[in-house]
Amino acid sequence: MSRIWVLAMFLLRDLFRSLTAAIPLGVALAFALIAFEYGMDQPQFVTVAGVAMAALCVLNCLLLAGRANRGTSYAIVGRLPRRSELLAALVVSSIVLTIGLALATMVGNLVTGRLTLGFPSALWIIPTWLDLLLLAAALALPLSPLAARGGSHLAGWVFIAAVMVAYDQQARLQTQGLDWVVRAVGVIAWPVSTLLSQASAGLHGRSYFLALGLTLAYAALLFVVAVESFDDKDLLWAE
Amino acid sequence: MIRVQDIVKRYDGTLALDRLSLEVPQGAVYGLLGPNGAGKSTLLHLIMGFILPTSGEIDRAGLATARIGFLPEDTFYPPRFAIGEYLITLGRLAGLGRKEAEQVVARLLAQFGLEGETSRKLGTCSRGMLQRTGLAQALLGDPSLVILDEPTLGLDPGGQRFIREQIRALHHAGKTVLLSSHQLEQVLRVCTHVAVLNRGRLVRSGPLDEMLAPRRQVTISTGALPPSMAPALTALCPSITITERQLALTGDAVVCKGKVLRMLLDAGVDVQHLSEQHATLEEIYLEATGG
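Line by line, the protein sequences are chains A and B. If you're matching positions, the first sequence starts at 1014 in the working numbering and goes up one per residue. If you're matching positions, the second sequence starts at 2 in the working numbering and goes up one per residue.
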C-alpha cells in the first residue's frame, strides 16, 4: 500500500511539473466560475458537481495515464512486484487530485456565498462522491492507451458514448419502439443515477446503500478489466 | 541463473526473435552483440518481463523482476525531477523505507561521483551524468542480476572507462551482468561470456576465452634448433609446428608457451623473437553476422 502511495505522489508531482497540469486546473476553475454563477444549493451540488467531479476524475486519470505511458515508466514498472500497482497508483493519484480540486471549488464558492451546504447532512457527500470518483477513475483506465490493447479503448469510448446518448434520448427511443434499449440503459445506469438521486434527496436508506455497493462493484469490475488487459501487454515505450 | 529456451517473439508479423536459446551463468558478465535490429533489446525486455514471448520459456531461477536492476537503452528520465529525489522515489518503490532510501541513494551518488549533484534536475544533466544516474538506479535494492542496455552508448572515453570499472566491480561482487553493446572493445574488456545475435537468431555464444582461443597463435623465432629438440618439443606439445627457425603454437597449444620457452632456453637455443596473435572479437562478430 505504501508503494502505491509513493508512486501516486510521484505521478502527481510529475504532472504538476508539466504544462499538462494546466488542463485539470483550468477545467476546475471554469466549472467553479460558470456552474456556480447563479448559486447552488446542496441537492444541486450533490448531483451537478458530483457528475462534474466524476468527469474531471476521468480526465485526470487519462492525463496521468498518458504521462505514465512512456519510457520513464520502465524504471518504475521494473520495480513493481505487480504491474497492477501502477494502475492502482493512477486511481489513487487521480482521486487525490480530484478531491483537491473539489475541495478548492467547494471552499471557494462557500466563501463567496455561492454555495449553501447544511451540516452534518452535507457529510453524506463524502461517501457518495468517493464512490463516484472510484468508478470514474476505474472507468478511465481501460479507456486509456496505457492499459488498452489493440484499440480496445476506442471500442470502450464508443460504448460509453452510445450509453450516454441513449440515456439522453430515452423519450425518442421509446417512441421509436426501442423500449429494450431504454430498459438496458436504465439497468446499466441504475446504480449511479440512484446513488445521485437518493443522495440529492437526502435519502440514505436501503436503495442508497445498494446503489453505493453496486457502483463500487462496477469500479472493481472495470479495474479488473484494466488489470487483465495491462498485465500481459507488451510495453513498447519509445520516448 | 537465466535460461532462455526456444524463445520466439513476433511484433505484428515481424519476427524479432527466432527460437533463441541462451544460458547466462551465475556471476558472468554476459555481452550480447549484434547489428541493429538483431533482437538484443527485445531479448533484454523479455527477460525483464516488459514484453511477453510469442512462444518459448524464460527461467529466471525464481528471480522477481523487482530484484533485477535495469538500465534502459535510452535516457528515459523525468527531466523535471532532481537526481536525488528521483532515486529516492525509485528506492522506495524498491521497498526501502524513506530513511533507508536516503542513505542508500547518498552512498550510490558518492560511488558514482554525483554527490554534489543531488538537487540537479535530470533534464539539465549531461549524457554521462544520466548514465551514471541510470546505473545508480539499476543498483537500488542490491539486485543480484543487472541488465544494461547499451551502457556506454554516447559516452566519452572517460565515461566509458567509468562504466567499465563499475561493471568489473559488479562482477567482483558476484553479481551477474547481462549487457548489450555495439562497442566490441568494451565487451572484450569486461565480458566473460559473449553471444552474437543476427536477425533474431543466436549465431555464436560461449565463454569469451573459448571463442578467441582457436584463433590464437604464438610464434617463436629462434636460431638454429638442435636436431634432437624437435621430438622433445613435439612430446611436450603435440600440435606444435616446427620449421627450421620458427615454432608455432596454435589454438589450445598456446598454453604450452611457457614450457616450450623454458625448454628452448634450458637447451641454450637462441630465442630471438616471440609474437602472440589472436583473432579479434571484430573478426568473430563479422564472421558470425555475415559482415
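All C-beta atoms in this analysis are idealised placements derived from N, C-alpha and C, irrespective of residue type, glycine included.
Since I believe residue j is in contact with residue i (beta carbons under 8 Å), could you give me their beta-carbon distance rounded to a whole number of angstroms?
i                       : j                       : result
residue 83 of chain B   : residue 41 of chain B   : That belief does not hold up - the Cβ atoms of residue 83 of chain B and residue 41 of chain B are roughly 32 Å apart, past 8 Å.
residue 129 of chain B  : residue 156 of chain B  : 6 Å
residue 1205 of chain A : residue 1180 of chain A : The Cβ separation is near 10 Å, so there is no contact.
Do we get a CB-CB distance below 8 Å when we pair residue i with the residues of chain A?
i                      : result
residue 49 of chain B  : yes
residue 52 of chain B  : yes
residue 113 of chain B : no
residue 286 of chain B : no
residue 95 of chain B  : yes
residue 73 of chain B  : yes
residue 125 of chain B : no
residue 66 of chain B  : yes
residue 78 of chain B  : yes
residue 81 of chain B  : yes
residue 244 of chain B : no
residue 91 of chain B  : yes
residue 167 of chain B : no
residue 104 of chain B : no
residue 132 of chain B : no
residue 247 of chain B : no
residue 161 of chain B : no
residue 184 of chain B : no
residue 138 of chain B : yes
According to DSSP, residue i sits in a beta bridge with which residue or residues?
i                       : result
residue 208 of chain B  : B/194
residue 60 of chain B   : B/4
residue 250 of chain B  : B/219
residue 41 of chain B   : Paired residue(s): none; residue 41 of chain B is not in a bridge.
residue 1166 of chain A : Paired residue(s): none; residue 1166 of chain A is not in a bridge.
residue 177 of chain B  : B/146
residue 71 of chain B   : B/148
residue 31 of chain B   : B/179, B/194
residue 243 of chain B  : B/248
residue 1053 of chain A : A/1128
residue 203 of chain B  : B/198
residue 12 of chain B   : B/15
For chain B, find out if any of its Cβ atoms is closer than 8 Å to the Cβ of residue i; answer yes or no.
i                       : result
residue 1089 of chain A : yes
residue 1069 of chain A : no
residue 1248 of chain A : yes
residue 1162 of chain A : no
residue 1255 of chain A : A query on residue 1255 of chain A cannot be resolved here, the shown segment of chain A reaching from 1014 to 1252 and no further.
residue 1094 of chain A : yes
residue 1245 of chain A : yes
residue 1085 of chain A : yes
residue 1144 of chain A : no
residue 1016 of chain A : yes
residue 1023 of chain A : yes
residue 1030 of chain A : yes
residue 1054 of chain A : no
residue 1027 of chain A : yes
Looking at the unbroken beta strand (DSSP E) that takes in residue i, where does it start and where does it end?
i                       : result
residue 125 of chain B  : Premise fails: residue 125 of chain B is in no beta strand (DSSP E) and is neither H nor E.
residue 17 of chain B   : 15–25
residue 1243 of chain A : Careful: residue 1243 of chain A lies outside any beta strand (DSSP E), inside the alpha helix (DSSP H) at 1219–1244.
residue 276 of chain B  : 272–278
What first and last residue would you give for the alpha helix (DSSP H) that runs through residue i?
i                       : result
residue 172 of chain B  : 158–173
residue 85 of chain B   : 84–94
residue 1144 of chain A : 1138–1156
residue 112 of chain B  : 99–112
residue 1026 of chain A : 1015–1029
residue 1188 of chain A : 1183–1188
residue 1250 of chain A : From DSSP, residue 1250 of chain A is part of no alpha helix (DSSP H); its letter is neither H nor E.
residue 1060 of chain A : Unbroken run through residue 1060 of chain A: none, as it is neither H nor E.
residue 1211 of chain A : 1192–1213
residue 1090 of chain A : 1086–1090
residue 288 of chain B  : 282–290
residue 234 of chain B  : 230–237
Does the distance between the C-beta of residue i and the nearest non-hydrogen atom of the ligand FAD fall short of 7 Å?
i                       : result
residue 1203 of chain A : Looking for the ligand FAD in the displayed structure turns up nothing, as the structure carries no ligands at all.
Sufficient close CB pairs (3 or more, under 8 Å) joining the segment 27–44 of chain B to the segment 192–200 of chain B: yes
Is the number of C-beta pairs between the segment 1204–1218 of chain A and the segment 1135–1152 of chain A that are closer than 8 Å three or more? yes
Is it a yes or a no for the segment 89–105 of chain B touching the segment 147–160 of chain B, going by three-plus beta-carbon pairs under 8 Å? no
Quick one: any contact between the segment 1041–1059 of chain A and the segment 1076–1086 of chain A, if contact means 3 or more CB pairs under 8 Å? Not touching, per the Cβ criterion.
Tell me whether the segment 1087–1099 of chain A and the segment 60–75 of chain B touch, counting them as touching only if at least three CB pairs, one residue from each stretch, are closer than 8 Å. yes
For the segment 5–18 of chain B against the segment 40–54 of chain B, do three or more pairs of beta-carbon atoms, one drawn from each stretch, fall closer than 8 Å, so that the two count as touching? Result yes; three or more Cβ-Cβ pairs closer than 8 Å.
Please confirm if the segment 1182–1198 of chain A is in contact with the segment 11–31 of chain B, defined as three or more CB-CB distances below 8 Å between the two stretches. no
Inter-stretch contact (C-beta, 8 Å, three-pair minimum) for the segment 1104–1115 of chain A and the segment 1073–1082 of chain A: yes
Any chance the segment 175–184 of chain B sits against the segment 99–115 of chain B, with 3 or more Cβ pairs inside 8 Å? no
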